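Colleague: Under numbering that gives the first Met the number 0, the first residue of the sequence shown carries the number 0, and numbering increases by one thereafter.
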Amino acid sequence: MLVDGNDPGVIQQAAALLAAGQLVAFPTETVYGLGARADDDAAVARIFAAKGRPQQHPLIVHVLGAADAAQFANAIPPAAKALMAAFWPGPLTVIVPRRPGFATAAAGGQDSIGLRCPSHPVARALLSAARAACVPGVAAPSANRFGHVSPTQAGHVVDEFGSDLLVLDGGACELGIESSIVDCSRVSPVLLRPGVLTRARIEAALGQNLLAPDAQAPRASGTLAAHYAPKARVRLVSRQELAECLVRPLPAGLAVYSRSLQVSGKFLYLQMPDDALAAAHDLFAALRWFDAAGANEIWIESPPQNSDWDGVRDRLSRAAAAFA
Ligand code: TXA
Ligand code: MG
């Protein structure tokens, strides 16, 4: 059921559902999340079942602030403290050692836990009402079925799960791609997933360089090579390749998503914004729009190489890898 997330009565109802171990979908500044109380393994199991997600893939726990985060952690390493101080509330998840015996299902059984403090007012109102009902944190992956494109509008969540689920409508998500994830549970911080916060800003707050994920990094869905995929086959191509291919015979159901080529012809076309933040905001809605319009294949112009585009480039290369 789609309801107005700005209605205080709705927030109370949603918090009561969470407290009772039920699922609620809610907006964050990145994407919509599918939430359950994080301290209840049976409630969290409902998320894995609804998404069709493997149980060993850890979820992110959403909290109101650093004090609540501490309840889930065995220790908050200095790097995590620095990032929480710099970027919370906001689009940054820290992985820290988990308090043993707590939120085991949410952590996918790992001895670490991902914590994030969202800034979206509807998410904050929900977390606050839930805490008043003794819910210390809300585990919430993106509110899509496993492997699909993340939802950035309330209607996308209904498209994924139908109308039985309570979905708090908070409008279109401001940022549009998932939070940056930094693993602070190891000796040196590792960037597990890029987001809209640039690597340079994260490294400046840390006072040290981020490492790239290695074989020791936990296996997790957001980091699988093939993820975030629309139904249509995605091909990433350079501007030049795109220009060359478009003058040849075209496949049926072709869609083009390009920044620099304004084209028209017998295919679906959307223009990708020229700015990395705007491109992130539009990305998942554009992929869903192409699917709904019946695209079989989406040719997407490769994003620029600079680090502002890391988050968008990451999502696009995973969408393309699903069909490689
Ligand atoms: O922006 C976001 O982060 C959104 C909104 C709803 O907050 N959430 C989100 O959740 O993207 P999800 O489940 O789609 O992605 C969570 C990712 C996992 O795939 C994994 O990569 C990482 O978080 N993760 C969570 N806990 C972890 C842990 N203990 N160790 C390593 N990675 C972890
Ligand atoms: Mg996800």
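Ideal placement from N, C-alpha and C gives every residue a C-beta, glycine not left out.
Predicted model, so just to flag it, every value in this text is computed and none were measured.
What does a CB cutoff of less than 7 angstroms around residue 307 pick up in its chain, not counting 5 residues either side in sequence?
Modeller: Result list for residue 307: 197 and 275, in chain order.
Colleague: For a test of your reading of the model: does the CB of residue 280 fall under 7 angstroms from any non-hydrogen atom of the ligand TXA? Yes or no.
Modeller: Every heavy atom of the ligand TXA is 7 angstroms or more from the Cβ of residue 280, so no.
Colleague: In the DSSP assignment, find the unbroken alpha helix (DSSP H) run with residue 270 in it and report its ends.
Modeller: First-last for residue 270: 267 to 270, but that is the beta strand (DSSP E), not the alpha helix (DSSP H).
Colleague: To the nearest whole angstrom, what separates the beta carbons of residue 114 and residue 23, a pair I think is in contact under 8 angstroms?
Modeller: Wrong, their Cβ atoms sit about 19 angstroms apart, outside the cutoff.
Colleague: Helix, strand or coil for residue 78 per DSSP?
Modeller: Here residue 78 sits in helix by DSSP.
Colleague: Measure the beta-carbon distance from residue 125 to residue 10 and round it to whole angstroms, keeping in mind my assumption that it falls under 8 angstroms.
Modeller: Going by Cβ atoms, the distance from residue 125 to residue 10 rounds to 6 angstroms, so yes, they are a contact pair.
Colleague: Among residues of its own chain, excluding the 5 on either side of residue 395, which ones have a beta-carbon nearer than 7 angstroms to its beta-carbon?
Modeller: The structure shown does not extend to residue 395, since the chain is modelled only from 0 to 323, so the question has no answer here.
Colleague: The beta strand (DSSP E) spanning residue 87 covers which residue range?
Modeller: Unbroken run through residue 87: none, as it is neither H nor E.
Colleague: Under 8 angstroms by Cβ, that's how I've got residue 300 and residue 256 pegged, so tell me the actual separation to the nearest angstrom.
Modeller: Right, the Cβ-Cβ distance comes to about 7 angstroms (below 8 angstroms), so this counts as a contact.
Colleague: Are three or more beta carbon pairs between the stretch 97 to 104 and the stretch 65 to 73 nearer than 8 angstroms?
Modeller: At 8 angstroms Cβ cutoff, the stretches touch.
Colleague: Near residue 187, which residues of its chain fall below 6 angstroms by C-beta distance, leaving aside the five closest residues on each side in sequence?
Modeller: The residues are 210.
Colleague: Three or more beta-carbon pairs under 8 angstroms between the stretch 54 to 68 and the stretch 160 to 176, yes or no?
Modeller: Touching, no.
Colleague: Identify the continuous alpha helix (DSSP H) that holds residue 118 and give its terminal residues.
Modeller: Counting along the chain, residue 118 falls outside any alpha helix (DSSP H), and DSSP gives it neither H nor E.
Colleague: Using the Cβ count rule (16 or more neighbours within 10 Å means buried), how would you classify residue 322?
Modeller: When all chains shown are included, residue 322 counts as exposed.
Colleague: Once DSSP output is grouped into helix, strand and coil, what is the label at residue 296?
Modeller: Correct three-state label for residue 296: strand.
Colleague: Would you mind sorting residue 259 into buried or exposed? The rule is 16 or more other CB atoms within 10 Å of its CB.
Modeller: Exposed is the call here.
Colleague: Quick check on DSSP: helix, strand or coil for residue 192?
Modeller: Residue 192 falls in the strand class under three-state DSSP.
Colleague: Within the present structure, is the beta-carbon of residue 178 separated from the nearest heavy atom of the ligand TXA by less than 7 angstroms?
Modeller: At least one heavy atom of the ligand TXA is nearer than 7 angstroms to the Cβ of residue 178, so yes.
Colleague: Would the beta-carbon of residue 155 fall within 8 angstroms of that of residue 117?
Modeller: No, the pair does not count as a contact, with Cβ atoms beyond the cut-off.
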